[in-house]
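Numbering (UniProt numbering), first residue to last: 1 to 102.
All residues carry an ideal CB built from backbone N, CA and C; glycine is no exception.
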Amino acid sequence: MYAIIKNGGKQYKVQEGDILLFDKMSLEPKATIEINEVLAVNAGELKMGAPFVDGAMVTAEVINEGRDKKVITFKKRRRKDSKVKRGFRRDFTRVRITKIAA
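Okay, structure coming up:
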């Protein structure tokens with residue numbers, strides 16, 4: 001059984017037991033999240049939503065929060081004496097999918 005959910009403008013294909021990195025939600029560890037924005041559920045047969053599946057819900061448990069590895073963006077224009085170096089670290093909330101209810 002799997003579901004396709006929407007969180008933070010992104011879509012994720014999830015199964016029970018999966019561990020995902022969502023955008024930072026400022027929640028304590030062991031907190032429970034209920035995600036109602038379920039786009040599709042497959043439990044033997046595929047149910048598509050328009051845009052969301054009625055009555056479907058995905059429950060997740062917060063594991064921890066943290067920061068990703070640094071991503072460096074470097075732009076160089078040859079022979080122009082022009083270069084830009086920027087770094088970025090994404091804040092995330094790590095969650096474990098505990099239940100998919102269709």
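From the options, residue whose alpha carbon lies closest to that of residue i
i, options, result
"Leu-21", "Asn-64, Lys-76, Glu-28", "Asn-64"
"Arg-96", "Ser-82, Lys-30, Lys-70", "Lys-30"
"Pro-51", "Thr-59, Ala-43, Leu-39, Val-62", "Leu-39"
"Glu-37", "Ser-82, Lys-69, Lys-13", "Lys-13"
"Ala-56", "Ile-100, Gly-9, Gly-8, Met-1", "Ile-100"
Backbone CA spacing between residue i and residue j [nearest angstrom]
i, j, result
"Thr-98", "Thr-32", "9 angstroms"
"Lys-6", "Ile-19", "15 angstroms"
"Asp-81", "Glu-28", "48 angstroms"
"Lys-47", "Arg-94", "27 angstroms"
"Phe-88", "Arg-67", "10 angstroms"
"Met-25", "Arg-78", "41 angstroms"
CB contact flag (residue i, residue j, <8 angstroms)
i, j, result
"Lys-85", "Phe-74", "yes"
"Glu-4", "Gln-15", "Checking the sequence shown, residue 4 turns out to be Ile, not Glu. Contact flag unset, no."
"Val-53", "Val-41", "yes"
For residue i, the residue or residues it bridges with in DSSP
i, result
"Ala-60", "Ile-33, Ile-97"
"Asp-91", "Arg-67"
"residue 103", "The structure shown does not extend to residue 103, since the chain is modelled only from 1 through 102, so no value can be given for it."
"Asp-23", "Phe-92"
8 angstroms contact criterion, which residue i and residue j should meet: CB distance rounded
i, j, result
"Ala-43", "Ala-102", "5 angstroms"
"Val-62", "Ile-35", "That belief does not hold up - the Cβ atoms of Val-62 and Ile-35 are roughly 12 angstroms apart, past 8 angstroms."
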